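See below for the structure under consideration.
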Amino acid sequence: MNFQSKPLPDDPTALKQMLVDLQVQLETEKRLNQTLRLRLQALLRQRFGRSSEKQQDTTQLDLLIEDTETAIAAIELPATEKPATQEVPRARKPLPAHLPRTVQQQAPASCDCPDCGKAMKAAGEEVSELLDVMPAQYRVIKIVRPKYSCKSCERIVQAPARERVIDKGMASSALIAQVIVDKYADHLPLYRQAERFKREGIDLDRSTLAGWVGRAGALLKPLVGAIREHVMAGHKLHADDTTAPTLKPGNGKTLTGRYWNYVRDDRPFSGKAPPAVWFQYSTSRKGQEPLQHLKGFKGVIQADAYAGYNLAVQRGITRAGCWAHVRRKFYEIAEATDSPVAREAIKRIEALYRIERSMNGRPPDERRHIRQQQAAPLMADFKAWLDSRLRECAKGSGLGKAINYARKQWESLVLYLEDGHVEIDNNAAERAIRPLALGRKNHLFAGSEEGGHYGAALYSILGTAKLNGIDPKAYLTAVLKRINNTPINQVEQLLPWNIDLSQPAVSEAV
Numbered sequence: 001m002n003f004q005s006k007p008l009p010d011d012p013t014a015l016k017q018m019l020v021d022l023q024v025q026l027e028t029e030k031r032l033n034q035t036l037r038l039r040l041q042a043l044l045r046q047r048f049g050r051s052s053e054k055q056q057d058t059t060q061l062d063l064l065i066e067d068t069e070t071a072i073a074a075i076e077l078p079a080t081e082k083p084a085t086q087e088v089p090r091a092r093k094p095l096p097a098h099l100p101r102t103v104q105q106q107a108p109a110s111c112d113c114p115d116c117g118k119a120m121k122a123a124g125e126e127v128s129e130l131l132d133v134m135p136a137q138y139r140v141i142k143i144v145r146p147k148y149s150c151k152s153c154e155r156i157v158q159a160p161a162r163e164r165v166i167d168k169g170m171a172s173s174a175l176i177a178q179v180i181v182d183k184y185a186d187h188l189p190l191y192r193q194a195e196r197f198k199r200e201g202i203d204l205d206r207s208t209l210a211g212w213v214g215r216a217g218a219l220l221k222p223l224v225g226a227i228r229e230h231v232m233a234g235h236k237l238h239a240d241d242t243t244a245p246t247l248k249p250g251n252g253k254t255l256t257g258r259y260w261n262y263v264r265d266d267r268p269f270s271g272k273a274p275p276a277v278w279f280q281y282s283t284s285r286k287g288q289e290p291l292q293h294l295k296g297f298k299g300v301i302q303a304d305a306y307a308g309y310n311l312a313v314q315r316g317i318t319r320a321g322c323w324a325h326v327r328r329k330f331y332e333i334a335e336a337t338d339s340p341v342a343r344e345a346i347k348r349i350e351a352l353y354r355i356e357r358s359m360n361g362r363p364p365d366e367r368r369h370i371r372q373q374q375a376a377p378l379m380a381d382f383k384a385w386l387d388s389r390l391r392e393c394a395k396g397s398g399l400g401k402a403i404n405y406a407r408k409q410w411e412s413l414v415l416y417l418e419d420g421h422v423e424i425d426n427n428a429a430e431r432a433i434r435p436l437a438l439g440r441k442n443h444l445f446a447g448s449e450e451g452g453h454y455g456a457a458l459y460s461i462l463g464t465a466k467l468n469g470i471d472p473k474a475y476l477t478a479v480l481k482r483i484n485n486t487p488i489n490q491v492e493q494l495l496p497w498n499i500d501l502s503q504p505a506v507s508e509a510v
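Written out as structure tokens, the structure reads:
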């Protein structure tokens, strides 16, 4: 502001008015400055950092750390002279016992004493281990079906051809499963997989790989339906969504599609039902989407403050809030401004989390009782404290917005106190959807709307296998071998908690 551009008025009243105007302008600028600082801090954390609430997208930071550690390792060569004092080495984790061992004997060239020439006897041994890798080995399965003919009646007999996952296709179940897992679990796009095949001397076009993925996705639809049925049978679900840029047909531009996920996980309250996650894809984020997804569900949906779930709530679904989102709002304020009010809010929320950690895995009735005894009084005091702090906040300030966010969601935030099935936050859904954010960095966009639907189906299957502690490649291979010969009314036999991976099916595809 240039105060010399205008002469100051001589009238005291005009001077006072000018001072008032400048004070108003200063307060406005301060609020704008604080808002911009908060946005900058949030963007920087999202891009490079991590918060205490959740792991953010830290791919770039991880790469920086990897390069730094590599450089340090390169310069930390063994010294020619050992220092007088050495640090006690940290205990190294033993290599996994389930890995096969190959023994290499490194015996001296001669067992005669180099000094006197007499034969020496064994006096113990030193054993060390190295972790090794064997390159992936591709092979061709040559299927031979001999024919037999009867000399008397000329009858010809031949074993029926075993069914293939893709009719007349050249890929085995294991190879198709590997391609799917590499893309949707390990975030390796198909064009990079095609390059890897080429290095092995195998010419597979990206479009060929895409065809395998699409056909497998279509084949697995009944299994995804069984996962949805299991998820929707729960009393409480976690829900979240994330963007999925999708290529528009014809013009090469992209639209913003979305992946939605719904998680059933009863383990925190000792529920016996296996955990599962069901994904859906859409080209919009309108409230009609979750309303359609949740058709037939009656229970509690735990999610963030997104208004799109309101239609589902109006149809009888109960909504629970997420304290992790509230805590994140105050954390951003504290990091940007070092606000003592924001720091105090974080401490109060952490007290609620300590109570939750002390009773993880206990039955619903016990969880509700502990919450009523310990958390409810803290919550009532916290609400009164927030109301009093809000009156002290400048209008439009970041701190005021954080407080109002909590106050507006209060009814859904305190629901978990009354229902032992409900969690304090929605982290279960955020954990399940995080791989999609990682994949988005590598895939750039979905190739089509149809590809988005196939992606949702495959994310459902791989995510559910992961929640149940099952290797996704082994599971998907077994499912692809069996699904063609499994009646649609028995497809639940292929769910991760029902299938026996140790025993091959009576009739399997190649």
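Residue numbers (my numbering): 1 to 510.
Think of the CB as a built atom: it goes at the ideal place given N, C-alpha and C, for glycine as much as any other residue.
Quick caveat, the model's predicted, so the values are computed rather than measured.
- Per DSSP, the unbroken beta strand (DSSP E) holding L255 starts and ends at 254 to 264.
- P487: not part of any beta strand (DSSP E); DSSP gives it neither H nor E.
- Fewer than three beta-carbon pairs drawn from the region 305 to 325 and the region 366 to 382 are found closer than 8 Å, and the two stretches are therefore not classed as touching.
- Cα atoms of I483 and I346: separation of roughly 50 Å, rounded to the nearest angstrom.
- In this model, N261 and E411 are separated by some 24 Å (Cα to Cα).
- Using a 10 angstroms sphere on the CB of T256, the tally of other CB atoms stays under 16, which defines it as exposed.
- Per DSSP, the continuous beta strand (DSSP E) segment holding R319 begins and ends at 318 to 320.
- Beta-bridge analysis with DSSP links Q158 to K147.
- The shortest CA-to-CA distance from A194 to any of L209, A185, L219 is the one to L209.
- In this structure, the alpha-carbon of L438 lies about 18 Å from that of L247.
- In this structure, D240 sits near E430, with a CB-CB distance shorter than 8 Å.
- Bridge pairing for I301: L237, R319 [DSSP].
- For A334 and P340, the gap between their C-alpha atoms comes out near 7 Å.
- Distance from the Cα of L131 is smallest, within the candidate group P96, N489, A307, for P96.
- In the structure shown, P268 adopts helical secondary structure according to DSSP, grouped into three states.
- Inclusion of A342 and A402 in the CB contact set at 8 Å is warranted, their separation being smaller than that value.
- Shown here for D381: not one same chain residue has a beta carbon closer than 7 Å to its own, the five before and five after excluded.
- Counting along the chain, Q292 sits inside the alpha helix (DSSP H) bounded by residues 288 to 293.
- Counting C-beta atoms within 10 angstroms of its own C-beta, H98 has fewer than 16 neighbours from the protein chains shown and is therefore classed as exposed.
- Under the DSSP definition of a beta bridge, Q280 partners with W260.
- C-alpha of Q178 to C-alpha of A273: approximately 29 Å in a straight line.
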